[in-house]
Amino acid sequence: MNLEEIKKISIASYLQSIGCEIRENRNYYGMYQSPYRSDTQASLKVDYGKNLWHDFGTGEGGSIIDLVMKVQNCNFKKALEYLQKEGFTKTSFSFHRNIFHEKRKSPLVIISVLPISSKGLIQYLHSRRIPLEVATNYCKEVHFQIGEKPYYSIGFKNDSDGYILRNKFCKQCTSSDITTFQFFDNCYNECLVFEGFFDFLSYLTLQDIKKIKTNTAVLNSVTNINKALPFLKKHKKVLTYFDNDDAGKKATLLIQKNDLSLHDKSSLYLGYNDLNEFLIKMKI
3 MNLEEIKKIS IASYLQSIGC EIRENRNYYG MYQSPYRSDT QASLKVDYGK
53 NLWHDFGTGE GGSIIDLVMK VQNCNFKKAL EYLQKEGFTK TSFSFHRNIF
103 HEKRKSPLVI ISVLPISSKG LIQYLHSRRI PLEVATNYCK EVHFQIGEKP
153 YYSIGFKNDS DGYILRNKFC KQCTSSDITT FQFFDNCYNE CLVFEGFFDF
203 LSYLTLQDIK KIKTNTAVLN SVTNINKALP FLKKHKKVLT YFDNDDAGKK
253 ATLLIQKNDL SLHDKSSLYL GYNDLNEFLI KMKI
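Every position in the sequence shown, counted from 1, becomes a number in this note's numbering once 2 is added.
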């Protein structure tokens, strides 16, 4: 393929191949969660007609080549080699119009749940500065399929017995729900609340503890905040470790409106997007 043919490779096809499901389908464009950064808002827009992408969270965008360079963290030449080798579908309106329906026909299916042993996943944890001995107390290596394609990720179980799935390239979940840890000797004195499980694991790492002993709720997405409120309301004190962004602020305000004794801990990592970014960039 020449350069122009490569640029015609469907961005939606590429995102689907790395496990990024469409969040909103508007016929002529689709919205996705950004596969190369923490994104709870589905900020990545893919224009089907122009076959271009734009990340409203960062202002970045461009062609399929630009996206592969960003996701794969590679140069222009390596991106071209990757796209030529993988044999993706070229842009077609029929493909894009049917993406949402195809996703329903080919749901994510878990094949196996194992202890974390994959070199790639261990390296991914290392890049997030999470010790393996901390992660293995709460996470598994989950192998799954989307359609006919196999994938594997770090899996964090939620209260619906589903898994929140994360790897270097994308984010998935088998069901959307919070994760709670409850200890009866806690007497509902206080509860820790985290936006995502990497923030939870970062807290454990920063505190140099391998297992939590305080009642805890992990939202797994700020959109689950209402699901967490009944659990939070049982406690005398709620300590939040939300992202330093608009979504985190809205979640904090919602807890305050429910007359809970809130202690906002986001100032501890002011200047960083979240607790994990603070852990990654801190000097030891």
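A virtual CB, placed ideally from N, CA and C, is assigned to each residue, including glycine.
Check whether the Cβ atoms of Tyr165 and Lys173 lie closer than 8 Å to each other. no
Kindly indicate the opening and closing residues of the beta strand (DSSP E) around Asp49. Leu46 to Asp49
Just the Cα atoms here: how many angstroms apart are Ile24 and Ile214? 34 Å
Rounded to a whole number of angstroms, what is the C-alpha to C-alpha distance between Tyr38 and Gly122? 16 Å
Whole-angstrom Cβ separation of Leu69 and Tyr16, contact assumed at under 8 Å? 7 Å
Drop a sphere of 10 angstroms on the beta-carbon of Met3, count the other beta-carbons inside from all chains shown, and report buried for 16 or more, exposed for fewer. exposed
Counterpart residues of Phe196 in DSSP-defined beta bridges: Val220 and Tyr243
How many angstroms separate the CA atom of Tyr274 from the CA atom of Gly198? 15 Å
Under the three-state reduction of DSSP, which class applies to His128: helix, strand or coil? helix
Just checking, does the region 214-224 make contact with the region 189-197 on the three C-beta pairs under 8 Å criterion? yes
For Cys141, list the residues DSSP reports as bridge partners. Phe158
In the structure shown, what three-state DSSP assignment does Phe185 receive? coil
Per-residue DSSP class, three states only, for Asp163: coil
Beta-bridge pairing of Tyr34 - partner residues as DSSP gives them: Leu46
Taking the alpha-carbon of Asp276 as reference, which of Thr138, Lys251 and Lys10 has the nearest alpha-carbon? Lys251
Assigned exposure category for Ile211 - 16 Cβ within 10 Å defines buried: exposed
Can you give me the C-alpha to C-alpha distance between Lys170 and Tyr126, rounded to a whole angstrom? 6 Å
Can you name, in chain order, every residue of its own chain whose Cβ lies under 8 Å from the Cβ of Ser120, other than the five neighbours on each side? Glu143 and Tyr154
Which residue marks the beginning of the beta strand (DSSP E) containing Asp266, and which one marks its end? Leu264 to Asp266
Span separating the alpha-carbon of Lys285 from that of Thr182: 31 Å
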